[in-house]
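**Student:** Below: one structure in structure tokens.
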Amino acid sequence: MKKFDNYSEWFDDVLFNADILDYRYPVKGFAVYKSWGWRIIKRIIDMLERELESTGHEPMLFPVVIPEDTFAKEAEHIRGFHMEVFWITRAGDRELPRKMLLRPTSETAMYPLFAYWIRSHADLPLKIFQSVPVYRYETKATRPLLRMREFLWNEAHTAHKDWDDAEKQVKEAVEIYNRVFKKLGLSYLTLKRPDFDKFAGAVYSLAFDAWNPDGRVNQIGTVHNLGENFARAFEITYEDLDGSHKYVFQTCYGFGVSRTLAAVISQHGDDHGLVLPPDIAPIQVIVIPIPYKGYDEAVREYSRDVYRRIKDAGIRVKIDESEKMQPGEKFYYWEMFGVPVRVEVGPQDLKERKVTLSERVNLRRTKVNVDNVVEAIKDLFVKIDKELAERSEAKLNEMIIDVEDLASLRDAIRNRKIARVNWCENIECAETIREESGGEIRGYRFDLEEKPRGPCIACGSEAKRVVYVARAY
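First residue of the sequence shown? That's 1 in this note's numbering, and the numbers climb one at a time after it.
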């Protein structure tokens with residue numbers, strides 16, 4: 001299956017054949033994470049949580065249910081999520097006296113507790129996170145990992161003494177996410193969303209939009225400055241040094257674990273299946289003996305010695321001695337699962353005291369002395385990470401094109417590109433762009449300043465922003 005010719009079918013095949021996800025669960029928008037996929041997810045979450053804890057964030061776990069009256073306290077927030085809520089109205093055969101909902105996000109679950117925990121300036125900043133499933137009744141067509149009604153994410157929430165401290169936290173959150181996404185070799189745009197597309201209740205929103213082979217973008221993370229909006233709704237105040245009581249300033253940020261896995265699969269995978277960065281591969285090295293008449297047992301023993309050397313070095317390794325498949329079939333099988341390095345051990349390797357290493361990222365094969373196998377594998381891990389990142393970045397740069405008129409914009413979106421256009425910041429022009437092209441304004445760069453070099457693409461008046469237009473999941 002060709003990834004860039006028929007991405008949708010390729011993606012479904014990889015999810016199913018590589019034991020990532022089984023989407024045949026009998027409730028639309030829900031799926032079963034299978035062993036290989038779940039092991040990858042656990043490593044992604046661990047990578048992120050280490051970054052959060054190293055920057056002073058405390059792990060917590062809040063209930064999945066939120067009372068309706070608590071959810072309704074922030075008016076703009078409930079307007080943003082009301083149509084996506086899963087309601088709980090009955091227990092057994094009785095109507096509940098107080099309606100509840102499954103969390104679509106946890107601001108309204110956490111912030112009533114913030115009001116108890118924060119009393120004085122000494123309690124600030126408060127920085128917490130949790131890794132949990134959230135529930136949203138998606139009304140668009142569901143898509144495994146990319147648009148589900150139950151999906152995995154990590155959400156962090158913070159409280160601060162003033163706006164400046166909250167702004168510093170926004171920058172720290174962006175840096176944390178950048179470090180994790182870069183470790184995964186992902187390429188994306190860090191964009192400030194237009195006001196009409198910001199998180200409900202936020203002062204402003206930032207988003208990380210990863211490229212996808214079908215030309216759409218995949219929002220893998222968001223960072224929001226909430227200002228005092230939720231603090232006022234939930235009466236979260238602190239006593240300052242001068243004895244006055246002030247509202248806290250808050251931020252929150254969400255890391256889409258399911259969508260990040262989708263990005264890893266989609267950006268790095270190839271026509272053979274998964275291609276995994278070594279850090280998150282459940283198995284980093286697969287050893288495959290290639291027996292030959294008269295050398296069967298000797299090759300097996302030599303392979304086991306190679307396996308022990310690699311295992312003792314702390315590398316996640318497996319030896320495939322099963323007799324269900326021929327060696328060539330095993331090559332294809334483990335390529336589908338994206339194992340970064342394959343070690344082939346045959347009679348000639350035995351005679352020469354060498355092994356053959358095959359890199360999953362490019363299928364290159366090299367012979368190395370068995371005494372150097374561990375060092376060679378570790379060097380390959382570094383090379384693989386570098387190649388994945390460079391290949392992904394090159395594809396993103398190839399997808400971005402500058403467009404100056406609506407006809408060219410239509411062509412760009414049709415040809416699976418991300419268009420960079422000039423915009424006057426008028427919402428009517430944003431709607432024109434959407435209607436004429438099928439894409440939508442995703443925002444303008446947060447990480448660098450880009451100045452318009454022409455008029456608004458929609459109305460011809462003076463442009464104020466350079467924005468990116470794409471279809472999105």
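We put the CB at the ideal spot given by N, CA and C, even for glycine. These numbers come from a predicted model, not from an experiment.
1. Entirely within the segment 99 to 183 and at least 3 residues each: give me those beta strand (DSSP E) ranges in chain order.
2. Take ALA141 and list the residues in its own chain whose beta-carbon comes closer than 6 Å to its own, dropping the five residues that flank it on each side.
3. With which residues is CYS252 paired in a DSSP beta bridge?
4. At which residues does the beta strand (DSSP E) containing ARG471 begin and terminate?
5. Roughly how many angstroms separate the alpha carbons of PHE151 and SER187, rounded to a whole number?
6. If PHE4 and HIS57 are in contact, beta carbons under 8 Å, what's the gap, nearest whole angstrom?
7. Just confirm the distance between the C-beta atoms of ILE285 and ILE377, as a whole number of angstroms; I'd bet it's less than 8 Å.
8. On the CB-based measure, 16 or more other CB atoms within 10 Å of its CB, does SER35 come out buried or exposed?
9. What is the DSSP secondary structure of SER244, reduced to helix, strand or coil?
10. Where does GLY92 land, buried or exposed, given buried means 16+ other C-beta within 10 angstroms?
11. Considering only C-alpha positions, which residue in the set GLU301, ILE283, PRO289 is nearest to LYS311?
12. Tell me whether GLU344 sits in a helix, a strand or coil according to DSSP, three-state version.
13. Could you say which of ASN422, TYR444, GLY439 lies nearest to SER461 if we only look at CA atoms?
14. Which residues mark the beginning and the end of the alpha helix (DSSP H) in which PHE196 is found?
15. For the alpha helix (DSSP H) containing ARG43, list its first residue and its last residue.
16. Classify ALA394 as helix, strand or coil using the three-state DSSP reduction.
17. Can you check DSSP and say which residues form a bridge with ALA262?
18. Can you tell me the Cβ-Cβ gap for GLY221 and PHE208, rounded? I've got them flagged as a contact below 8 Å.
19. In the structure shown, what three-state DSSP assignment does PHE230 receive?
20. Within the continuous alpha helix (DSSP H) that includes TYR332, where are the two ends?
21. Give, in chain order, every unbroken run of the beta strand (DSSP E) that is at least 3 residues long and sits entirely within the segment 348 to 374.
22. Judging by CA-CA distance, which residue of LEU102, GLU425, PRO347, ARG103 is the nearest neighbour of GLY294?
23. Using the beta-carbon count (16 or more within 10 Å), is ALA368 buried or exposed?
24. With 16 other CB atoms within 10 Å as the buried threshold, where does ARG157 fall?
25. Assuming the contact rule is C-beta atoms closer than 8 Å, ILE384 and LYS330 should be a hit. Round their C-beta distance to whole Å, please.
26. Does the segment 242 to 258 come close enough to the segment 307 to 327 that 3 or more CB-CB pairs lie under 8 Å?
27. Kindly indicate which three-state DSSP category VAL271 falls into: helix, strand or coil?
28. State the CB to CB distance for the pair VAL469 and SER437, rounded to an integer number of angstroms; the pair is presumed to be in contact (CB under 8 Å).
29. With distances taken Cα to Cα, identify the nearest neighbour of PRO213 among LYS168, LYS464, GLN267, THR260.
30. How big is the Cα-Cα spacing for VAL14 and PRO452?
31. Given PHE199, which residues of its chain have a CB within under 7 Å of its CB, disregarding the five upstream and five downstream residues?
32. What does a CB cutoff of less than 7 Å around LEU146 pick up in its chain, not counting 5 residues either side in sequence?
33. Assuming contact is defined by CB atoms lying nearer than 7 Å, are ILE236 and ILE118 in contact in what I supplied?
34. Per DSSP, which residues does GLU239 bridge with? Please list them.
35. Taking all protein chains shown into account, decide if LEU184 is buried (16 or more other Cβ within 10 angstroms of its Cβ) or exposed.
36. Assign ASP69 to one of three DSSP states: helix, strand, or coil.
**Tutor:** On the basis of the supplied data:
1. As summarised for the segment 99 to 183, the continuous beta strand (DSSP E) elements at least 3 residues long and confined to that stretch are 126 to 135, 150 to 160, given in chain order.
2. For this step, residue 141 is matched to residue 141 along the sequence shown. Close CB contacts of ALA141 within its chain, under the 6 Å cut and outside five residues either way in sequence, are absent.
3. As a working mapping, residue 252 is identified with position 252 in the sequence shown. Answer is HIS157, HIS224, bridged to CYS252.
4. Taking the first residue of the sequence shown as position 1, residue 471 is located at position 471. Segment: none, ARG471 is in no beta strand (DSSP E) and carries neither H nor E.
5. Sequence index remark: in the sequence shown, residue 151 carries index 151 (1-based). Sequence index remark: in the sequence shown, residue 187 carries index 187 (1-based). In a straight line, the C-alpha of PHE151 is about 22 Å away from that of SER187.
6. To locate residue 4, count along the sequence shown from 1; it is residue 4. To locate residue 57, count along the sequence shown from 1; it is residue 57. Not a contact, Cβ separation roughly 38 Å.
7. In the sequence shown, counting from the first residue as 1, residue 285 sits at position 285. In the sequence shown, counting from the first residue as 1, residue 377 sits at position 377. Strictly speaking, residue 285 in this sequence is Val, with Ile absent from that position. Confirmed, about 6 Å.
8. Position 35 of the sequence shown, counted from the first residue, corresponds to residue 35. By the neighbour-count criterion, in which 16 or more other beta carbons inside 10 Å mark a residue as buried, SER35 falls on the exposed side.
9. Against the sequence shown, residue 244 aligns to sequence position 244. If DSSP states are grouped into helix, strand and coil, SER244 belongs with coil.
10. As a first step, residue 92 is located in the sequence shown; it is residue number 92 there, counting from the start. Looking at its Cβ environment, which holds fewer than 16 other Cβ atoms inside 10 Å, GLY92 is exposed.
11. On the sequence shown, residue 311 is found 311 positions in, with the first residue counted as 1. When each option's Cα is compared against that of LYS311, the closest is ILE283.
12. Within the sequence shown, the letter at position 344 stands for residue 344. Strand at GLU344.
13. The count along the sequence shown starts at 1 and reaches residue 461 at position 461. Out of ASN422, TYR444, GLY439, ASN422 has the C-alpha closest to the C-alpha of SER461.
14. For the purposes of this step, residue 196 is identified with residue 196 of the sequence shown, where counting begins at 1. Where PHE196 is concerned, there is no enclosing alpha helix (DSSP H), given that its DSSP letter is neither H nor E.
15. Taking the first residue of the sequence shown as 1, we reach residue 43 at position 43. Segment 35 to 54, the alpha helix (DSSP H) holding ARG43.
16. To locate residue 394, count along the sequence shown from 1; it is residue 394. In this structure, ALA394 counts as helix in the three-state DSSP scheme.
17. Looking up residue 262 in the sequence shown gives position 262. Answer is none; ALA262 lacks a bridge partner.
18. As a first step, residue 221 is located in the sequence shown; it is residue number 221 there, counting from the start. As a first step, residue 208 is located in the sequence shown; it is residue number 208 there, counting from the start. Contact between GLY221 and PHE208 holds: CB atoms are separated by about 4 Å, below the 8 Å threshold.
19. Mapped onto the sequence shown, residue 230 falls at position 230. In this structure, PHE230 counts as helix in the three-state DSSP scheme.
20. Residue mapping note: residue 332 aligns to position 332 of the sequence shown, counting from 1. TYR332 -> alpha helix (DSSP H) spans 327 to 336.
21. If we require 3 residues or more, the beta strand (DSSP E) runs fully inside the segment 348 to 374 come out as 354 to 359, 365 to 369.
22. Start at 1 with the first residue of the sequence shown, and residue 294 comes out as number 294. Nearest in C-alpha terms to GLY294, of all of LEU102, GLU425, PRO347, ARG103, is PRO347.
23. Residue 368 sits at position 368 when you count from the first residue of the sequence shown. Residue identity check: residue 368 is Val in the sequence provided, not Ala. VAL368 comes out buried.
24. Position 157 of the sequence shown, counting from 1, holds the residue named residue 157. Looking at the sequence provided, one finds His at residue 157 rather than Arg. By the 10 Å Cβ count, HIS157 comes out buried.
25. Translated into positions along the sequence shown, residue 384 becomes position 384. Translated into positions along the sequence shown, residue 330 becomes position 330. The beta-carbon distance between ILE384 and LYS330, rounded to whole angstroms, is 20 Å. This is too long to meet the 8 Å contact definition.
26. Under the 8 Å Cβ criterion, the segment 307 to 327 does not count as touching the segment 242 to 258, having fewer than three qualifying pairs.
27. Walking along the sequence shown from the start, residue 271 turns up at place 271. A small correction: the amino acid at residue 271 is Asp; Val does not occupy that position in the sequence shown. In the three-state DSSP reduction, ASP271 falls in the coil class, being neither helix nor strand.
28. As a first step, residue 469 must be located in the sequence shown, where it is residue number 469. As a first step, residue 437 must be located in the sequence shown, where it is residue number 437. Between VAL469 and SER437 a beta carbon distance of about 6 Å is seen, short of the 8 Å cut, so the two are scored as contacting.
29. As a first step, residue 213 is located in the sequence shown; it is residue number 213 there, counting from the start. Taking the Cα of PRO213 as reference, the smallest distance to any Cα among LYS168, LYS464, GLN267, THR260 is reached at GLN267.
30. Numbered from 1 along the sequence shown, position 14 holds the residue referred to as residue 14. Numbered from 1 along the sequence shown, position 452 holds the residue referred to as residue 452. Near 41 Å, if we compare the C-alpha coordinates of PRO452 and VAL14.
31. Here residue 199 is taken as the residue at index 199 of the sequence shown, counted from 1. Taken in chain order, the residues that qualify are SER205, THR222, HIS224.
32. Here residue 146 refers to the residue found at position 146 when the sequence shown is read from its first residue. Around LEU146: ASN218, ARG259, ALA262, TYR473.
33. Residue numbering aside, residue 236 sits at position 236 when the sequence shown is read from its first letter. Residue numbering aside, residue 118 sits at position 118 when the sequence shown is read from its first letter. Taking 7 Å as the cut-off, the Cβ atoms of ILE236 and ILE118 count as close.
34. Start at 1 with the first residue of the sequence shown, and residue 239 comes out as number 239. Its beta-bridge partners are SER120, HIS245.
35. The residue given as residue 184 occupies position 184 in the sequence shown. Looking at its Cβ environment, which holds 16 or more other Cβ atoms inside 10 Å, LEU184 is buried.
36. Working through the sequence shown from its first residue, we reach residue 69 at position 69. In this structure, ASP69 counts as helix in the three-state DSSP scheme.
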